[in-house]
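Asker: Just so we're aligned: 256 in the numbering used here is position 256 of the sequence shown, and the numbers increase by one with no gaps anywhere. Yeah, the Cβ is synthetic: ideal placement off N, Cα and C, and Gly gets one too. A quick note: this is a predicted structure, and the numbers were derived from the prediction, not measured.
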Amino acid sequence: MSEELLHDLRLHRTQEERAKQNFVKELRSYVLNDMADAMRKRYEDRIKPAFEAITGHPPEDGMDVHKVMKEDAFFKFYSSFRYNAQEMVWRSVMPTLERNIDILKERAAELGEREIGGTLRLDPDLEVPRNVTEIDVHLAPGGYHSETVSDDLTAGALYDNGLQVFSFGLMGRNLDDIGWSMAQYVRNKYPHFKPERILDAGCGVGHNSLPWAESFPQAEVHAVDVAAPLLRYAHARAQSLGIPVHFAQMDATKLQFEDESFDLVFSSMFLHELSLKQIRSFIAEARRVLKPGGLLLNMELPPNNQMDPYDSFYLDWDCYYNNEPYYKGFRDQDYKELCVQAGFDPEHYVQFISPQYTYMKPEEYRAAIGVEGAIDRNTGRLANGIQWFGFGAWK
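(1) With contact counted as at least three CB pairs below 8 angstroms, one residue from each stretch, are the region 291-299 and the region 321-330 in contact?
(2) Between leucine 170 and valine 205, which are expected to be in contact by the criterion C-beta below 8 angstroms, what is the C-beta distance as a whole number of angstroms?
(3) Could you name the residues of the same chain whose beta carbon sits closer than 8 angstroms to that of serine 79, not counting the 5 residues immediately before and after it, in chain order?
(4) Do you know whose CA, among Lys48, Phe344, Asp34 and Tyr159, lies nearest alanine 227's CA?
(5) Less than 7 angstroms between the CB of aspartate 318 and some heavy atom of the ligand FAD, yes or no?
(6) Using only alpha-carbon positions, find the residue among Leu241, Ser261 and Tyr233 that is nearest to glutamate 220.
(7) Rounded to whole angstroms, what is the Cα-Cα separation between tyrosine 401 and histidine 145?
(8) Quick one: measure Cβ to Cβ for leucine 153 and tyrosine 43, integer angstroms, because I've assumed they're closer than 8 angstroms.
(9) Hey, how far is the Cα of methionine 360 from the Cα of serine 181?
(10) Name the residue from Leu9, Gly117 and Ser92 whose alpha carbon lies nearest to the alpha carbon of valine 165.
(11) Classify aspartate 176 as helix, strand or coil using the three-state DSSP reduction.
(12) Throw me the rounded Cβ distance for the valine 65 and proline 309 pair, which I believe falls under 8 angstroms.
(13) Span of the beta strand (DSSP E) holding leucine 296?
(14) Verify whether the separation of the beta carbon atoms of glutamate 4 and arginine 10 is less than 8 angstroms.
(15) Given this structure, state the Cα-to-Cα distance separating glutamine 278 from lysine 254, to the nearest angstrom.
(16) Looking only at its chain, what residues have a beta carbon closer than 6 angstroms to the beta carbon of aspartate 61, apart from the 5 residues adjacent to it on each side?
(17) I believe serine 240 touches histidine 7 by the beta-carbon criterion, under 8 angstroms. Please report the beta-carbon distance rounded to the nearest angstrom.
(18) Quick check on serine 79: does DSSP put it in helix, strand or coil?
(19) Assuming tyrosine 335 and proline 303 are in contact, meaning their beta carbons sit under 8 angstroms apart, how far apart are those beta carbons, in whole angstroms?
(20) Run through the region 213-265 for me and flag every whole beta strand (DSSP E) of 3 or more residues, listed as ranges in chain order.
(21) Bridge partners for glutamine 15 per DSSP, in chain order?
(22) Taking the runs of the alpha helix (DSSP H) that are 4 residues or longer, which of them lie wholly in the region 126-212?
(23) State the DSSP-derived secondary structure class of valine 371, mapped to helix, strand or coil.
(24) State the beta-bridge partners of isoleucine 353 as determined by DSSP.
(25) Starting from threonine 55, follow the alpha helix (DSSP H) in both directions and report where the run begins and ends.
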């Protein structure tokens, strides 16, 4: 079932709209679980042995797997289903948004007046990077930066409502499991670390910003993004939930914060949307604004050099077919080396696997992270049994 969002920006959906969204949610679950498992079996049983018979060795990397898989009828069938299901995510929620746009703006304005402690600062002169303006990332129509009316927050509503369908129940009841899992990992793994200022870079609508404020209530949390519609929505959403966060329109590769002004810099599913030049700039900027003893933490997809060739191929699907052109280029990097190149000590590099915090009891989560996890086929893969990957470094 397509559940209601847990804040005051949720919109009334007709019975037909609910039915469409439920269908798309179940379709995506079928594609990413059942069809994906069948495709893997086909590869193991038929395609991989055929490759070995011709070459004398198994596929060496994800590129090898992609070359042979893209000629396979089942892969074409799978990809067609998955691509169309992705477009259907947005189509299923757009009628609801279009019908309620004025109501949404009114609610956001009312929520903005609440005395919660959070703020919103927009920069009309900011030049939004071309990797945002020139691509409909995730096939989202118009991308996430487009504005057609004053005080537009449609793109934020599209993302929030779309993610509810897209994730088919795997990102937490409030779509914030990544944030909770990363924050609670830090809180439990490093109990003596008490960050007072936290920055979420590339925050989107703030799904994963708010858990930091809740996990570390003594901290002042800031969150930046280049897309004004996302930030307007993020601020109203945080106000509705009563969680103070300071949102600002800012390019994370050119942070407008003083040197050594944050204890923790965080990002989630952000780096793979950037060019390699932008990634390097961001990590360098993160180090600049971190205080000595501070932590850079990125929740991301695991690197290709630590994965089985088939798993690398599977995760890189989005680079070729989901309008995420930098996806594979990022995952081909050595993450530790990216941190070292930005000035971090290689001895201070961190990397870990986290289970899903919001689906477990706190004591179960603490026990789970007490055992060092290994990257496997479920790491970063949106399917039943998913686990999250984090990396970064201490300054």
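Answerer: According to the data block:
(1) Counting Cβ pairs under 8 angstroms, fewer than three are found: no touch.
(2) Within the sequence shown, the letter at position 170 stands for residue 170. Within the sequence shown, the letter at position 205 stands for residue 205. Actually they do not touch by this definition, with Cβ atoms about 18 angstroms apart.
(3) In the sequence shown, the residue the question calls residue 79 occupies position 79. Only Trp317 and Tyr321 meet the Cβ criterion.
(4) Residue mapping note: residue 227 aligns to position 227 of the sequence shown, counting from 1. Nearest C-alpha to alanine 227: Tyr159.
(5) Questions concerning the ligand FAD fall outside what the structure shown contains, since it holds no ligand whatsoever.
(6) Within the sequence shown, residue 220 is the residue found at index 220, counting from 1. Closest option to glutamate 220, Cα to Cα, is Ser261.
(7) Coverage of the chain is limited to positions 1 through 395, which leaves residue 401 absent and any answer about it impossible.
(8) For this step, residue 153 is matched to residue 153 along the sequence shown. For this step, residue 43 is matched to residue 43 along the sequence shown. Actually they do not touch by this definition, with Cβ atoms about 43 angstroms apart.
(9) Along the sequence shown, one-based indexing puts residue 360 at 360. Along the sequence shown, one-based indexing puts residue 181 at 181. Computed Cα separation, rounded: 10 angstroms.
(10) In the sequence shown, the residue the question calls residue 165 occupies position 165. Closest by alpha carbon: Ser92.
(11) For the purposes of this step, residue 176 is taken as residue 176 along the sequence shown, with counting starting at 1. Aspartate 176: coil per DSSP, three-state reduction.
(12) Here residue 65 refers to the residue found at position 65 of the sequence shown. Here residue 309 refers to the residue found at position 309 of the sequence shown. Rounded, the Cβ-Cβ distance is 5 angstroms, consistent with contact.
(13) In the sequence shown, residue 296 corresponds to position 296, counting from 1. 290-300 is the extent of the beta strand (DSSP E) around leucine 296.
(14) One-based indexing of the sequence shown puts residue 4 at position 4. One-based indexing of the sequence shown puts residue 10 at position 10. In contact: glutamate 4 and arginine 10 (Cβ atoms closer than 8 angstroms).
(15) Within the sequence shown, numbered from 1, the residue matching residue 278 stands at position 278. Within the sequence shown, numbered from 1, the residue matching residue 254 stands at position 254. Their Cα atoms are separated by approximately 10 angstroms.
(16) Counting from 1 along the sequence shown, the entry for residue 61 is found at position 61. The answer, listed in chain order, is Pro309.
(17) One-based indexing of the sequence shown puts residue 240 at position 240. One-based indexing of the sequence shown puts residue 7 at position 7. With a Cβ gap of about 4 angstroms, serine 240 and histidine 7 count as contacting.
(18) Taking the sequence shown and counting its residues from 1, the one referred to as residue 79 is at position 79. The answer is helix: DSSP assigns serine 79 an H, G or I state.
(19) To locate residue 335, count along the sequence shown from 1; it is residue 335. To locate residue 303, count along the sequence shown from 1; it is residue 303. Yes, they are in contact, since the Cβ atoms of tyrosine 335 and proline 303 sit about 5 angstroms apart, within 8 angstroms.
(20) 220-225 and 246-249
(21) Residue 15 sits at position 15 when you count from the first residue of the sequence shown. BP columns for glutamine 15 are empty, so no partner.
(22) 130-133, 154-166 and 177-189
(23) By 1-based counting over the sequence shown, the position of residue 371 is 371. Note: valine 371 maps to coil in three-state DSSP.
(24) As a working mapping, residue 353 is identified with position 353 in the sequence shown. BP columns for isoleucine 353 point to Phe389.
(25) Translated into positions along the sequence shown, residue 55 becomes position 55. Unbroken alpha helix (DSSP H) run through threonine 55: 48-55.
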